[in-house]
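What follows is a set of notes on a single structure, which appears directly below.
Protein chains in written order, with the UniProt record's numbering: chain C, 1 to 168; chain S, 1 to 168.
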């Protein structure tokens with residue numbers, strides 16, 4: 001059981017059982033962060049300027065959706081990714097920017113394991129599919145996402161004896 | 001026809017005909033950019049450190065997939081988004097990180113219009129679905145993505161007469 005792990009041990013594939021949930025955030029979104037990200041990656045006026053944001057359908061200085069996605073990644077990192085044997089992700093299955101993320105908003109949410117299965121192409125690694133839901137301080141859903149992460153399995157005693165086994 | 005527009009006129013919904021393609025990049029990916037993005041949004045070792053990257057299944061200091069996605073957005077901005085009457089995007093329909101993006105790689109590709117249709121909920125705005133393909137300098141596909149963008153329609157002479165029409 002996960003509760004019996006040594007505190008220093010990282011989470012492995014086996015720890016990500018379907019239904020398990022991890023808290024994300026809180027993350028306060030600062031004006032200068034919105035502008036900095038937009039200047040580098042998405043320099044549209046509504047992401048750079050308060051007045052332009054108010055004049056747009058977003059209704060205020062709004063984070064680029066790609067910035068919201070990157071903030072989601074950071075919240076995942078701080079919640080469980082950095083504490084797990086993660087080997088990266090093959091992509092994003094779903095990313096919905098449901099409402100604008102405005103300067104001064106506070107984001108929080110959770111990642112829930114949808115499914116977990118061993119990878120056929122990479123022995124010793126499993127793939128875990130998550131659903132991520134992020135809300136603002138008014139409990140409005142601002143971002144809904146799903147993606148899959150490759151996570152190493154816990155080493156077993158047999159692994160030491162089978163180290164010469166060819167990989168598939 | 002698009003070719004008859006005045007040069008100063010921005011692209012509108014009508015200009016994004018299915019099949020039309022826009023060049024993306026080139027974009028040289030620098031070591032310090034990879035580390036800077038990862039430090040803020042995805043501080044996993046393979047995105048922060050050359051040796052850790054080589055030891056990972058990515059094979060070298062590799063950009064976070066979320067960084068690759070953000071670089072795709074910037075290439076879209078420089079290619080056509082900033083030159084069009086864009087009103088933002090509701091999300092990402094597909095994002096596949098097919099191969100690692102390593103320090104020193106040069107990215108380029110194209111966005112192709114898959115479909116374009118008027119939005120029922122927002123008169124005067126259409127939604128354009130793109131497929132984005134990004135390759136490295138070896139012509140390997142590193143990122144395949146699809147997303148939809150809201151783009152304003154070209155104002156018509158009737159708009160001036162119908163400005164009191166209630167919006168649906």
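We put the beta carbon where it would ideally sit given N, CA and C, even for glycine. Note that the structure is a prediction, hence the values are computed from the model and not measured.
Pairwise C-alpha distance: residue j and residue i
| i | j | result |
| --- | --- | --- |
| residue 126(S) | residue 11(S) | 12 Å |
| residue 89(C) | residue 15(S) | 35 Å |
| residue 18(C) | residue 131(C) | 11 Å |
| residue 50(S) | residue 98(S) | 20 Å |
| residue 48(S) | residue 33(S) | 10 Å |
| residue 65(S) | residue 149(C) | 12 Å |
| residue 57(S) | residue 63(S) | 13 Å |
| residue 117(S) | residue 128(S) | 7 Å |
| residue 54(S) | residue 80(C) | 23 Å |
| residue 154(S) | residue 111(S) | 21 Å |
| residue 109(C) | residue 156(S) | 44 Å |
| residue 31(S) | residue 77(C) | 21 Å |
| residue 123(S) | residue 135(S) | 37 Å |
| residue 91(S) | residue 59(S) | 30 Å |
| residue 133(C) | residue 9(S) | 39 Å |
| residue 137(S) | residue 113(C) | 36 Å |
| residue 46(C) | residue 72(S) | 19 Å |
| residue 85(S) | residue 52(C) | 13 Å |
| residue 35(S) | residue 21(S) | 32 Å |
| residue 70(C) | residue 115(C) | 23 Å |
| residue 96(S) | residue 95(C) | 12 Å |
| residue 102(C) | residue 39(C) | 16 Å |
| residue 61(C) | residue 143(C) | 17 Å |
Residue burial classification, residue i (beta-carbon count within 10 angstroms, cutoff 16)
| i | result |
| --- | --- |
| residue 100(S) | buried |
| residue 141(S) | exposed |
| residue 23(S) | exposed |
| residue 145(S) | buried |
| residue 68(S) | buried |
| residue 28(S) | exposed |
| residue 139(S) | exposed |
| residue 87(S) | buried |
| residue 107(C) | buried |
Supposed close pair residue i, residue j - CB separation, criterion 8 Å
| i | j | result |
| --- | --- | --- |
| residue 152(C) | residue 13(C) | 6 Å |
| residue 43(C) | residue 82(S) | 7 Å |
| residue 74(S) | residue 41(C) | 5 Å |
| residue 147(C) | residue 105(C) | Contact flag wrong, Cβ pair sits at about 22 Å. |
Residue i Cβ short of 7 Å to the ligand ZN heavy atom set
| i | result |
| --- | --- |
| residue 108(S) | By its list of ligands, the structure shown contains no ligand whatsoever, and the ligand ZN lies outside what it can speak to. |
Residue i at chain D interface by Cβ criterion, 8 Å
| i | result |
| --- | --- |
| residue 65(C) | Annotation note: the requested chain D is absent from the structure, which comprises protein chains C and S. |
Within the UniProt domain "MaoC-like" (19-120) of chain S, ranges of the alpha helix (DSSP H) (whole runs, at least 4 residues):
Qualifying alpha helix (DSSP H) stretches, in chain order: 31-41, 50-55 and 65-76.
When you check each C-beta in the stretch 81-104 of chain C against every C-beta of chain S, which residues fall closer than 9 Å?
Residues of the stretch 81-104 of chain C that bring their beta carbon within less than 9 Å of a beta carbon in chain S comprise 81, 82, 86, 87, 88, 89, 90, 91, 92, 93, 94, 95, 96, 97, 98 and 100, in sequence order.
Looking at chain S, which residues of the stretch 118-135 of chain C have a Cβ within less than 9 Å of any of its Cβ atoms?
For the stretch 118-135 of chain C, which is checked against every Cβ of chain S, the residues closer than 9 Å are 122 and 125.
Anything in the stretch 38-50 of chain C with a Cβ closer than 8 Å to a Cβ of chain S? List those residues in chain order, please.
So the close ones are 40, 41, 42, 43, 44 and 46.
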